[in-house]
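J.: Handing you a structure now.
In this note's numbering, the protein residues as written are -9 to 335.
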């Protein structure tokens, strides 16, 4: 079923990612990425307000391009951006001063390495994972500035990570890359991987969504909490897959044993990002399908994937960015055409 559009606007620079502020869901923040003909990259933080229309407010230019934006689940006034220069920038969202920032150079060994994504741990404060085009995953302590390297790298670009948060997965981090691998590491033992599997997808793994629970007083996030060993992955091969992380018996991960696929669906476009609904007990997921717009997908227990809504609207290029404004509204962006659209999920 096709979704209904609410509003549309064109961004100033190509949008690579988008976040909605949880403390004021009318505020939409874009991270932009502009590649010039001479090979240089720059970007900006663009801020919009969603009312009856999407209205431009202001922007903060950045010397490098922005590939990802994330909001701290333990402090919604902290926003972090991942940059084409291999650094992350910490922004403080503040009614008096929105431009306070700190920079951490994550990838300093390779000046050509781009920071491709950033993800906050939902259970350990001030810990983020950062991925790079050199195939590596870094764990960064934002308070101390410590950076941990994981021994097992992807053969090509690493695009995404995500943290487990329940039961035996509280210390597990998953990563996906252009080499079609899904890799799992134990945060306590970065020198060895739990598993590394190329058997799950036929192309690069670019999105990962584990069962999640984060019950901090400033932010509550729950998804698939009744299935703590369920993991969704998405790939350039157009497929979304549901994976059971248990190896039976016993009901836990065992080093060296890859997980098994329990369901999959071809969505008709590369499955770039998976963003769960902010509503408790709501397992709907917003899926960015690259060259084929976006979807709202659900999968009830013991049932198959179901596409609830499909939306393209004016998206004519890669649909990279997406977030929930509220349970009844989402926002999506497409890159080369600079289209930003809100619609009913």
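The beta-carbon is built from N, C-alpha and C at its ideal position, and this holds for glycine as well.
So what does DSSP say about residue 193, is it helix, strand or coil?
T.: Translated into the one-based positions of the chain shown, residue 193 becomes position 203. Correct three-state label for residue 193: coil.
J.: On the DSSP letters alone, give me the boundaries of the beta strand (DSSP E) that residue 95 sits inside.
T.: Walking along the chain shown from the start, residue 95 turns up at place 105. Residue 95 -> beta strand (DSSP E) spans 91 to 95.
J.: What does the Cβ neighbour count give for residue 280, buried or exposed, with the cut at 16 atoms within 10 Å?
T.: Start at 1 with the first residue of the chain shown, and residue 280 comes out as number 290. Per the 10 Å Cβ criterion, buried.
J.: Please give the ranges of any beta strand (DSSP E) in the stretch 89 to 175, keeping only runs that are unbroken, at least 3 residues long and fully inside the region.
T.: DSSP runs (the beta strand (DSSP E)) wholly in the stretch 89 to 175: 91 to 95, 105 to 110, 117 to 122, 127 to 131, 137 to 139, 148 to 153 and 162 to 167.
J.: In this structure, what does DSSP give as the bridge partners for residue 288?
T.: By one-based count along the chain shown, residue 288 stands at place 298. DSSP lists 296 as partners of residue 288.
J.: For the 8 Å Cβ check, are there 3 or more pairs between the stretch 228 to 236 and the stretch 296 to 310?
T.: No, they do not touch.
J.: Check residue 77 in the structure and name its three-state DSSP category.
T.: Within the chain shown, the letter at position 87 stands for residue 77. Three-state result, residue 77: strand.
J.: Roughly how many whole angstroms lie between the Cα atoms of residue 328 and residue 3?
T.: As a working note, residue 328 is residue 338 in the chain shown. As a working note, residue 3 is residue 13 in the chain shown. Going from the Cα of residue 328 to the Cα of residue 3 covers about 7 Å.
J.: Residue 259: buried (16+ other C-beta within 10 angstroms of its C-beta) or exposed?
T.: Against the chain shown, residue 259 aligns to sequence position 269. Buried, since its Cβ has 16 or more Cβ neighbours within 10 Å.
J.: Considering only the beta carbon of each residue, do residue 18 and residue 38 sit closer than 9 Å?
T.: Walking along the chain shown from the start, residue 18 turns up at place 28. Walking along the chain shown from the start, residue 38 turns up at place 48. Taking 9 Å as the Cβ cut-off, residue 18 and residue 38 qualify as a contacting pair.
J.: Work out the CA separation of residue 215 and residue 271 for me, nearest whole Å.
T.: Your numbering for residue 271 matches position 281 in the chain shown. Your numbering for residue 215 matches position 225 in the chain shown. If I take the Cα positions, the gap works out to 8 Å.
J.: Compute the distance between the beta-carbons of residue 55 and residue 25, then report whether it is under 9 Å.
T.: Taking the chain shown and counting its residues from 1, the one referred to as residue 55 is at position 65. Taking the chain shown and counting its residues from 1, the one referred to as residue 25 is at position 35. A contact, by the Cβ cut-off of 9 Å.
J.: Please work out which residues of its chain come closer than 8 Å, Cβ to Cβ, to residue 8, disregarding the five sequence neighbours upstream and downstream, and give them in chain order.
T.: Within the chain shown, numbered from 1, the residue matching residue 8 stands at position 18. So the qualifying residues of the chain are 18, 19, 20, 21, 59, 311, 312, 313, 321, 322, 323 and 330.
J.: Going by DSSP, what residue range makes up the beta strand (DSSP E) through residue 178?
T.: Your numbering for residue 178 matches position 188 in the chain shown. Run containing residue 178: none; DSSP gives neither H nor E here.
J.: Apply the 10 Å Cβ neighbour rule to residue 102 and answer buried if 16 or more other Cβ atoms are within range, or exposed otherwise.
T.: As a first step, residue 102 is located in the chain shown; it is residue number 112 there, counting from the start. Under this definition residue 102 is an exposed residue.
J.: Looking at residue 148 and residue 183, is the spacing between their C-beta atoms short of 9 Å?
T.: Numbered from 1 along the chain shown, position 193 holds the residue referred to as residue 183. Numbered from 1 along the chain shown, position 158 holds the residue referred to as residue 148. No, the Cβ-Cβ distance between residue 183 and residue 148 is not below 9 Å.
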